[in-house]
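A.B. asks: Take this structure first; my questions come after.
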Amino acid sequence: MNIFSFDEQYVASTYGRQKVHFVSGKGSLLYDENGKEYIDFGTGIAVNGLGVKFQPWLDAVKVQLDLLPHASNLYYTSPCALLAEKICSRTGMKKVFFANSGAEANECAIKVARKYSFDKYGSGREKIVALKNSFHGRTITTLAATGQDAFHKYFMPFTEGFVFAEPTFESVKELADEHTAAIMLETVQGEGGVNPLGEEFLTAVDAFCKENDILLVIDEVQTGNGRTGKLYSYENYGITPDIFTTAKGLGNGLPIGAALFGEKTASVLGKGDHGSTFGGNPVACAGACAVLDAIDDDLLAGVAERSKYIIDFLSALPGVKSVTGLGLMLGIETDDAAAKVAACLEKGLVVLTAKNKIRLLPALNIPYDILKKGLEVLKEVLA
Ligand SMILES: *Cc1c(COP(=O)(O)O)cnc(C)c1O
3 MNIFSFDEQY VASTYGRQKV HFVSGKGSLL YDENGKEYID FGTGIAVNGL GVKFQPWLDA
63 VKVQLDLLPH ASNLYYTSPC ALLAEKICSR TGMKKVFFAN SGAEANECAI KVARKYSFDK
123 YGSGREKIVA LKNSFHGRTI TTLAATGQDA FHKYFMPFTE GFVFAEPTFE SVKELADEHT
183 AAIMLETVQG EGGVNPLGEE FLTAVDAFCK ENDILLVIDE VQTGNGRTGK LYSYENYGIT
243 PDIFTTAKGL GNGLPIGAAL FGEKTASVLG KGDHGSTFGG NPVACAGACA VLDAIDDDLL
303 AGVAERSKYI IDFLSALPGV KSVTGLGLML GIETDDAAAK VAACLEKGLV VLTAKNKIRL
363 LPALNIPYDI LKKGLEVLKE VLA
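In the numbering used here, the protein residues as written are 3 to 385.
Shown next, in the form of structure tokens:
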């Protein structure tokens, strides 16, 4: 059985895969079919945020798998309710809808933003201002919300009502008018090239939203769950979203997405307005409870410390033009990033790209000895 040829023959060709077949892993180490070890600075795109098979996560998942893997949302299950309470009490948000991915969480956020506006103002106030260079997912609507022309091909007609501002307050203000339901953004644009939008911009948008009863929707799919040194990245700026979404790291290896609703939006959805068969799955939720429990002040302090260590190390290297990002979501501006990512992999280091940068998304708890070994590989490749 040849996995490469089976995959190439039978799996839809949507991914530019690296020619590595991973079979196991633990923490920040991965192993391929030949037993070669890799240091993981990619965490499966910010999913394995506490490392592969993080022990409390694995224990919680196994217990729930053995009890009841699925029941349907027609009934109560405890992991879903416990996770909802945890995430709300940690953030001050009032309610949560559980989905299975980032795109689905964003779909839900968009529906809720539009219904909030419809319930209060009637039709004609459905515009959503998103940002150029954003990324919000791969469904027709979340592609429409994504501010990159490359994603607006082939699948017409896309969902209407999205416009794209530059990440400046002037530009946002110009587009956000009396027909606008929401402003939607990532605090650090991940897929767009690891670009932090900055405190001045974000606080201005937050205040503008509140003055005009425009909802602030923050996509925390990549930035959430400790990645930037706070549980959710908006906490870095003292701003309060009306809706935020998350996924990736909340699951630590299982699919889950969530849309969180604040005071204004908590009661927008009623019976029958939205749903998902797998949403709130007991196994994924049990694991996510263990993830949230692990993201405490100590862990977050460790994220900030590791971040500084990496930035200091990389900034001193000759091949590095700049290092952008926040916490453990970092982009390295360098020549020919894609070739360097492949060279790292060859040397046993997994890193990602974001646009023309090398992107690092290591585990929030990556041990320093492994981190240092990985950075030495980067140094060699960047030289
Ligand atoms: C990954 C990502 C998504 C899409 O998440 P999926 O789980 O792939 O649907 C949406 N928004 C942001 C910011 C992301 O990084």
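Backbone N, C-alpha and C fix where the C-beta goes; we use that ideal spot for every residue, glycine too. Values in this document were obtained by computation on a predicted structure and should not be read as measured data.
Output the distance between the C-alpha atoms of L70 and V63, rounded to the nearest integer angstrom.
C.D. replies: Computed Cα separation, rounded: 10 Å.
A.B. asks: Less than 8 Å between the C-beta atoms of A290 and G329, yes or no?
C.D. replies: Contact flag unset, no.
A.B. asks: Less than 8 Å between the CB atoms is what I'm expecting for V190 and T230, so what's the real figure, rounded?
C.D. replies: That pair is a contact at about 7 Å.
A.B. asks: At a threshold of 7 Å, does H138 count as lining ligand 1 (C-beta to nearest heavy atom)?
C.D. replies: The answer is yes for H138.
A.B. asks: Can you tell me the Cβ-Cβ gap for G195 and G333, rounded? I've got them flagged as a contact below 8 Å.
C.D. replies: Right, their Cβ atoms sit about 6 Å apart.
A.B. asks: Would you list the residues sitting across from M331 in a DSSP beta bridge?
C.D. replies: Partner(s): L328.
A.B. asks: Can you tell me which of the three DSSP states N367 falls into?
C.D. replies: Coil at N367, not helix or strand.
A.B. asks: Suppose contacts are defined by Cβ-Cβ distances below 8 Å. Is G44 in contact with L301 by that definition?
C.D. replies: Taking 8 Å as the Cβ cut-off, G44 and L301 do not qualify as a contacting pair.
A.B. asks: Bridge partners of K134, per DSSP?
C.D. replies: According to DSSP, which records beta bridges pairwise, K134 is partnered with G149.
A.B. asks: Using 10 angstroms around the beta-carbon of V13, count the other beta-carbons present and answer buried if the total reaches 16, otherwise exposed.
C.D. replies: By the neighbour-count rule (16 or more Cβ atoms within 10 Å), V13 is not buried but exposed.
A.B. asks: Within 10 Å of its beta-carbon, does Q66 have 16 or more other beta-carbons around it, so buried, or fewer, so exposed?
C.D. replies: With 16 or more Cβ atoms within 10 Å of its Cβ, Q66 is classed as buried.
A.B. asks: When the Cα of K273 is compared with those of R19, F99, T16, which residue comes out closest?
C.D. replies: Checked all of R19, F99, T16; the closest Cα to K273 is F99.
A.B. asks: CB of Q224 to nearest heavy atom of ligand 1: below 7 Å?
C.D. replies: Yes, Cβ of Q224 sits closer than 7 Å to a heavy atom of ligand 1.
A.B. asks: Determine which residues share a DSSP beta bridge with T247 and list them.
C.D. replies: Paired residue(s): D221, A261.
A.B. asks: Please list the segments of the beta strand (DSSP E) lying wholly inside the stretch 38-62, counting only runs of 3 or more residues, in order along the chain.
C.D. replies: Counting only runs of 3 or more, we get 39-42.
A.B. asks: With DSSP as the reference, please indicate the residues paired to Y33 in a beta bridge.
C.D. replies: DSSP lists S26, E39 as partners of Y33.
A.B. asks: Y40: which of E382, N358, G376 sits nearest, CA to CA?
C.D. replies: The residue with the shortest Cα to Cα distance from Y40 is G376.
A.B. asks: Output the boundary residues of the beta strand (DSSP E) element that contains T93.
C.D. replies: Segment 80-93 is the alpha helix (DSSP H) holding T93; no beta strand (DSSP E) there.
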